[in-house]
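Here's the structure we're looking at; comments come further down.
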Amino acid sequence: MAFPFRICAAPMAGISNRAFREIVREFGADLAYGEMISARALGYGNRRTWELMDIEGEQSPRLVQISGSEAHFVAAAAEAAAMLGAQYIDLNMGCPAPKVARNNEGCMLMRQPELAAKLVSAARSAGLPVSCKFRAGWDDTSRNAVDFARRMAAAGASFLAVHGRTRQQFYSGKADWSVIRAVKQAVDIPVVGNGDIFSAADALSMLEETGCDGVMV
Numbered sequence: 236m237a238f239p240f241r242i243c244a245a246p247m248a249g250i251s252n253r254a255f256r257e258i259v260r261e262f263g264a265d266l267a268y269g270e271m272i273s274a275r276a277l278g279y280g281n282r283r284t285w286e287l288m289d290i291e292g293e294q295s296p297r298l299v300q301i302s303g304s305e306a307h308f309v310a311a312a313a314e315a316a317a318m319l320g321a322q323y324i325d326l327n328m329g330c331p332a333p334k335v336a337r338n339n340e341g342c343m344l345m346r347q348p349e350l351a352a353k354l355v356s357a358a359r360s361a362g363l364p365v366s367c368k369f370r371a372g373w374d375d376t377s378r379n380a381v382d383f384a385r386r387m388a389a390a391g392a393s394f395l396a397v398h399g400r401t402r403q404q405f406y407s408g409k410a411d412w413s414v415i416r417a418v419k420q421a422v423d424i425p426v427v428g429n430g431d432i433f434s435a436a437d438a439l440s441m442l443e444e445t446g447c448d449g450v451m452v
């Protein structure tokens with residue numbers, strides 16, 4: 236069966252709300268990621284965080300992206316998302332923001348692949364497919380995307396999204412699409428490529444150059 240999410244709209248803080256997701260679907264997105272949800276904040280009943288998870292009755296497919304580093308909070312967040320109607324759970328393992336890294340979350344998890352794998356298992360307890368979004372690595376001295384991808388696949392991830400930049404780069408410089416190609420060749424699950432998609436031609440080029448199953452804009 237072909238991977239159904241050829242064109243994905245990336246999760247963007249302050250942007251990827253429900254109205255935005257509806258708009259990008261109208262323009263052809265197969266999958267629209269919601270804004271990153273803090274598992275810990277959700278667990279503590281933070282009202283704003285619960286409001287971010289606005290998916291009840293939303294058009295399919297419904298994906299909730301969770302950020303966390305504690306398995307019990309991640310499992311509880313995934314279960315809450317499932318109860319609200321989520322169909323997919325994504326774990327954020329690529330956010331470069333310092334405030335996220337300081338919480339041992341986002342791209343910091345690429346430096347702790349054993350913990351990251353445990354979080355995949357924890358999220359799967361909700362009974363939904365779980366994906367992971369991560370980067371080429373923490374910096375140029377630790378480009379571990381291929382090994383990391385294998386570990387997440389072994390932990391039960393259903394598909395992966397790879398941004399071809401390191402955490403050190405944030406959003407500067409050029410995305411290294413060869414990392415996406417290497418990940419695609421290393422795992423048997425679908426891979427979505429992310430980074431430097433500015434036009435339809437870019438998307439087609441990434442699909443051709445990397446062999447990835449979908450692109451993330």
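Position in the sequence shown (from 1) plus 235 gives the number in this note's numbering.
Heads up, the beta-carbon is just placed ideally off N, CA and C, and yes, glycines get one too.
Quiz item: What number of angstroms, rounded off, separates the C-alpha of alanine 244 from the C-alpha of phenylalanine 262?
Solution: 10 Å
Practice problem: Decide if methionine 318 is buried, meaning its Cβ has at least 16 other Cβ atoms within 10 Å, or exposed. | Solution: Under this definition methionine 318 is an exposed residue.
Quiz item: Which one of Ala264, Met247, Ala421 and Ala392 has the shortest CA to CA distance from alanine 352?
Solution: Ala392
Quiz item: What first and last residue would you give for the alpha helix (DSSP H) that runs through threonine 284?
Solution: 282 to 287
Practice problem: Tell me where the beta strand (DSSP E) around serine 302 begins and ends. | Solution: 298 to 302
Quiz prompt | Whole-angstrom distance between glycine 292 and arginine 385, CA atom to CA atom | solution = 35 Å
Quiz item: Considering valine 397, what are the terminal residues of the beta strand (DSSP E) in which it resides?
Solution: 394 to 401
Quiz prompt | Other residues of its chain near valine 355: CB distance less than 7 Å, five sequence neighbours each side excluded | solution = Leu326, Val365, Cys367, Met387, Ala390, Gly391 and Ala392
Quiz item: Quick one: what's got a C-beta closer than 6 Å to alanine 410's C-beta in the same chain, skipping five residues either side?
Solution: Gly399, Arg400, Gly430 and Asp431
Self-check item: Simplified DSSP assignment, three categories, for serine 181
Solution: Residue 181 is absent from the model: the chain starts at 236 and stops at 452.
Quiz item: For valine 309 versus alanine 276, is the C-beta spacing smaller than 9 Å?
Solution: Annotated as distal: valine 309 and alanine 276, with beta-carbon spacing of 9 Å or more.
Practice problem: Using three-state DSSP, classify arginine 539 as helix, strand or coil. | Solution: Look at the range of the chain in this structure, 236 to 452, and you will see that residue 539 is not part of it.
Practice problem: With DSSP collapsed to three states, give me the class of aspartate 437. | Solution: helix
Quiz item: By how many angstroms is the C-alpha of phenylalanine 240 removed from the C-alpha of valine 427?
Solution: 8 Å
Quiz item: Which residues in the same chain as proline 296 place their Cβ atom closer than 7 Å to its Cβ, once the five residues preceding and following it in sequence are excluded?
Solution: By the criterion of a C-beta distance shorter than 7 Å, proline 296 is surrounded in its chain by Leu266, Gln322 and Tyr323, once the five residues flanking it on both sides are discounted.
Practice problem: Check serine 356 in the structure and name its three-state DSSP category. | Solution: helix
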